[in-house]
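J.: Can you read through this structure? Questions will come right after.
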Amino acid sequence: MSVRVLNPNAEVLNKSAALHMTINAAKGLQDVLKTNLGPTGTTKMLVGGSGDIKLTKDGNTLLKEMQIQNPTAIMIARTAVAQDDISGDGTTSTVIFIGE
Numbered sequence: 006m007s008v009r010v011l012n013p014n015a016e017v018l019n020k021s022a023a024l025h026m027t028i029n030a031a032k033g034l035q036d037v038l039k040t041n042l043g044p045t046g047t048t049k050m051l052v053g054g055s056g057d058i059k060l061t062k063d064g065n066t067l068l069k070e071m072q073i074q075n076p077t078a079i080m081i082a083r084t085a086v087a088q089d090d091i092s093g094d095g096t097t098s099t100v101i102f103i104g105e
């Protein structure tokens, strides 16, 4: 059975490298958001392309504004945003649970 690659510039990884990349994506998002959790969480500053500045500690806002490139991290972010859309909260906690 042959594998058809849709993007000739795509990087093909073996199983262990793909697993390592997936774990790193989850840990990376977790590292960004874990300091936001709880009443003593820190505020993050987001600077847009036009120089506009947003200060927030809301995980949902951060995930929507971040330009995430990794497919696994995108899937985690979408899951966390869906959690917030359904229940109104829990975005940061969802990312932290997945990262663990």
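Residue numbers (the working numbering): 6 to 105. All residues carry an ideal CB built from backbone N, CA and C; glycine is no exception.
In whole angstroms, what separates the C-alpha of V86 from that of T77?
T.: So the two alpha carbons sit approximately 14 Å from each other.
J.: So if DSSP puts T61 in a beta bridge, which residue, or which two residues, is it bridged to?
T.: Answer by DSSP bridge pairing, in chain order: K49.
J.: Is V37 helix, strand or coil by DSSP?
T.: Reduced to three states, the DSSP call for V37 is helix.
J.: Run the CB neighbour count on A30, radius 10 Å, all protein chains shown included, and call it buried at 16 or more, exposed below.
T.: Flag for A30 reads buried.
J.: Is it buried or exposed, T12, if we count other Cβ atoms within 10 angstroms and call 16 or more buried?
T.: Before going on, a small fix: residue 12 reads as Asn here, not Thr. Exposed: under 16 other Cβ atoms inside 10 Å.
J.: For M71, which three-state DSSP category applies?
T.: DSSP places M71 in coil when its eight states are reduced to three.
J.: For the structure I just gave you, are there three or more beta carbon pairs, one from the stretch 44-51 and one from the stretch 15-25, closer than 8 Å?
T.: They do not touch, by the three-pair rule.
J.: Using a Cβ-Cβ cutoff of less than 6 Å, which residues in the same chain neighbour L42 once the five nearest sequence positions on both sides are dropped?
T.: Closer than 6 Å at the Cβ level, and outside the excluded window around L42, lie T97.
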